[in-house]
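Q: Heads up, the sequence shown is in our numbering, so the first residue is 207 and it goes up one at a time.
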Amino acid sequence: MSNQLPIHEGLFTWPSTKPQLLGSRCVNCAETAFPAQPDCRNCGSRETNIVELGDRGTLWTWTIQTFMPKAPYHSDETAETFKPYGVGYVEMPGGVRVESRLLPSKPDELKIGMPMQLEIIPFRTNHTGDQIMTFRFSPVAEA
Ligand SMILES: [Zn+2]
Numbered sequence: 207m208s209n210q211l212p213i214h215e216g217l218f219t220w221p222s223t224k225p226q227l228l229g230s231r232c233v234n235c236a237e238t239a240f241p242a243q244p245d246c247r248n249c250g251s252r253e254t255n256i257v258e259l260g261d262r263g264t265l266w267t268w269t270i271q272t273f274m275p276k277a278p279y280h281s282d283e284t285a286e287t288f289k290p291y292g293v294g295y296v297e298m299p300g301g302v303r304v305e306s307r308l309l310p311s312k313p314d315e316l317k318i319g320m321p322m323q324l325e326i327i328p329f330r331t332n333h334t335g336d337q338i339m340t341f342r343f344s345p346v347a348e349a
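#1: Using only the alpha-carbon positions, how far apart do C249 and C235 sit?
#2: Of the choices G216, M322, G300, G301, whose alpha-carbon is the least far from that of L308?
#3: Excluding the 5 residues flanking E305 on each side, which residues of the same chain have their C-beta closer than 7 angstroms to its C-beta?
#4: Count the other CB atoms within 10 Å of the CB of R342; is the residue buried (16 or more) or exposed (fewer)?
#5: What residues are listed by DSSP as bridge partners for I256?
#6: Judging by CA-CA distance, which residue of E237, H333, G335, N332 is the nearest neighbour of R303?
#7: The beta strand (DSSP E) with L316 in it runs from where to where?
#8: Roughly how many angstroms separate the alpha carbons of V293 and E253, rounded to a whole number?
What follows is the structure, given as structure tokens:
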């Protein structure tokens, strides 16, 4: 049986039925960072706490990745099987902007300011058959 492992520790709560992005917040000035940082980039304090950033945000800006990225990008894709995907920044409650892969891959499916939902998805399979999981955002379904 294969496991589902996060692509990096500390990016999101995992395993979880309702995963949350994880960041850090400075004890001194409340600056929030993603990914979590041991030192505050605003005031230099070394006291930061890991905090949940939530699982929803709004699309701040985006583009379409139309060619396979160079290393360290490491997926199961090849130049032949690569499919374009959206990439952008999602602003989380509290203001931190998170660079993320996006589900939509066509410009007319993406709009600045649209509400986005976090998803944890399989990215590739490692040498022991475990699934390596990453995160992306997809548009929140219209009510
Ligand atoms: Zn600080």
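No residue lacks a Cβ here, since even glycine has one placed at the ideal position from N, Cα and C.
Bear in mind the structure is a predicted one, so any value in this text is a computation, not a measurement.
A: Judging by the given coordinates:
#1: 7 angstroms
#2: M322
#3: Y295
#4: It is buried - the Cβ of R342 has at least 16 other Cβ atoms within 10 Å.
#5: Note: I256 sits in a beta bridge opposite S230.
#6: Checked all of E237, H333, G335, N332; the closest Cα to R303 is E237.
#7: Here L316 belongs to no beta strand (DSSP E), and DSSP marks it neither H nor E.
#8: 31 angstroms
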